[in-house]
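Here the structure comes first, spelled out in structure tokens, and everything after it is commentary.
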Amino acid sequence: MEIEERVNVNDYVFKVLETVKLRNPGEKEFHQAVEEVLTSITPLLEERKEYLEAGILERIVEPERVVYFRVPWIDDKGRTRVNRGFRVQFNSALGPYKGGLRFHPTVNTSIVKFLGFEQIFKNALTGLPMGGGKGGSDFNPKGKSDMEIMKFCQSFMTELSRYIGDDIDVPAGDIGVGDREIGYLFGQFKRLKGAYEVGALTGKNIRIGGSLVRKEATGYGLIYFVSRMLEDNGLTLENKKVIVSGSGNVAIYAIEKAQQLGAKVLACSDSSGFVYDYDGIDVEILKAIKEKQRKSLTEYIKFRPNAEYNENSKNIWKIPCDIALPCATQNEIDEEIAKILIKNGVKAVGEGANMPTTKEGIDLFIKNKVLFAPAKASNAGGVAVSGLEMIQNAGKTYWSYEEVDQRLKKIMYEIYKIASETAEAFNEPGNLLKGANIASFEKVANAMLIQGIV
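Numbering (our numbering), first residue to last: 8 to 461.
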């Protein structure tokens, strides 16, 4: 459509948002993700009216493809079970679709669309040639045997294999999908294709083409980003009290790296509750419980008798801390929790999960000058190393742990620099959320302009 010079950008964005809500009723997480990006890029749109002329906004909020399928499998008692499978291939302007698979009961169309939309911009910030996508299933791996998980993964991949490949769409892991699940998925993909297409999935075990540092990448990357943010504001992690929600890969390795850099992590959580350890979380015990035994955090206090266990996960944010790292799930920090953190003197918040803070919570942090590291920038370490895994697979080579770790650190520092400098350029110094959104959107939009109306 023709855009006149006098167009009101705010009105234009409002109309696009209203259309998104009408076309995607009830998908509140997706609405939230789209609104956050579009409302923060209005200064850029004022300067680049050609984005409006080319319908970039209308196109970027529509996935290029959404795949929804049935996943039948047989449990250990011989009963037929049926779950839903999803893959949202959102935007391929910068490269093949790239994003994880999530196995969790809460997975639905809204969740995978919000995650896929976020992934477009997160991937753009890494500087690697990756588009945005996401997928998963409402299958719950908790309480399932290895045999049941293998059967489910094989059935899931039997359908998904039609839509992925190293130049098309490269899935990885996410919540509920770790080394074990990726192994089963890759094995079935190889069986169906009759070829060892090693670059079709990332997050693989190192023995079958995976990359070193992939397990640690999101957690380590979060801490590299947060430490750079603190340094830019005259602070360090040394002797800081830290709270980390979650106890999966992101949380575990955020705890590990934070403590390596001198912080004291006091608490972490899972779906059943949280542990508070005044002496600092023992990450080796945590790894044993969560990675090897796959058990609840209630086991932690058996090894650390001075630690305390609380059954309400949300109460973890009532513990006074200098730095809060939400690494569990979306919208875990709302306005009420943000007020508690601010009252207790929090200095910085670093998002390790995807969209773990509500808009109201973010607004409060920014208003109260709490340093805020937005997820699309601060948790990009996982997909960054997935991108490095793709490069290693394509070159049929392997890099050392030190080389991958250094590349990860460099990427996270560069993401911080881009977000910080962009915020400054648009008269919002320190607003990394706005800086990350504008910088990543501009990169994707420019690629879309070059490729025409497709």
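Positions of the beta carbon are idealized from the N, C-alpha and C atoms, including for glycine.
A quick note: this is a predicted structure, and the numbers were derived from the prediction, not measured.
Limits of the alpha helix (DSSP H) - the one that residue i falls within
i	result
K294	290–294
C160	153–167
T46	35–47
L348	342–350
L237	224–239
D18	16–30
V451	439–458
I250	Taken as a continuous stretch (DSSP letters only), I250 belongs to no alpha helix (DSSP H), being part of the beta strand (DSSP E) at 248–252.
D186	186–200
L395	388–401
Y408	408–432
Reference residue i, options the options, closest by Cα
i	options	result
G172	L199, E60, L64	L199
S447	E315, V233, V251, I67	I67
F21	E43, T365, E36	E43
I215	G190, G226, R221	G190
E421	N322, L45, M236	M236
Y405	K158, K248, P136, V220	V220
N361	V16, K383, E396	K383
N444	V257, T429, V73, A258	T429
K366	G359, P148, E339, G352	E339
I48	A432, E166, I457	A432
S3	K151, G194, K149	With the chain running from 8 to 461 in the structure shown, residue 3 is simply not present.
G442	G368, N400, K424	K424
K325	A274, E204, D370, I369	A274
Q337	Q96, S117, K294, Q399	S117
G368	L440, N31, M154	L440
N240	K376, E306, K309	K376
Short Cβ contact (8 angstroms threshold) for residue i with residue j
i	j	result
G253	A335	yes
G62	R94	no
R109	I156	no
A261	I230	yes
D284	R301	no
S385	T209	no
V114	D82	no
V41	F124	yes
I250	V290	no
F163	G92	yes
E358	P327	no
E166	F76	yes
E65	V23	yes
I182	G287	no
A224	L415	yes
V272	L304	no
Y170	V74	yes
K105	M137	yes
Residue range of the beta strand (DSSP E) that includes residue i
i	result
Q96	87–98
K141	139–144
V74	72–81
I330	330–333
A355	355–357
K105	104–110
D277	271–277
Integer-rounded CB distance, given that residue j should sit under 8 angstroms from residue i
i	j	result
G280	S234	In fact, because the Cβ distance is near 29 angstroms, the residues do not count as touching under 8 angstroms.
K354	L378	6 angstroms
T133	A426	So it is not a contact: roughly 12 angstroms between Cβ atoms.
V184	G107	7 angstroms
V451	F128	7 angstroms
E462	G269	Beyond the ends of the chain as shown, which are 8 and 461, falls residue 462; an answer cannot be given.
G206	M397	6 angstroms
Exposed unless 16 or more other CB atoms sit within 10 angstroms - verdict on residue i
i	result
L29	exposed
E315	exposed
G402	exposed
A131	buried
I460	exposed
P103	buried
M455	buried
M8	For M8, the pLDDT reaches just 43, beneath the cut-off of 50, and the residue's location in the model is therefore unreliable, although a value from the coordinates is still provided. Answer is exposed; the Cβ neighbour count stays below 16.
V78	buried
E410	exposed
P363	buried
E34	buried
P436	exposed
G140	buried
I457	exposed
G150	exposed
P333	buried
E57	exposed
M154	exposed
P32	exposed
Residue-level contact to chain C via CB, residue i, 8 angstroms cutoff
i	result
W406	This model lacks chain C altogether; it includes just one protein chain.
Check: residue i C-beta below 7 angstroms from any heavy atom of the ligand SAH
i	result
I349	Questions concerning the ligand SAH fall outside what the structure shown contains, since it holds no ligand whatsoever.
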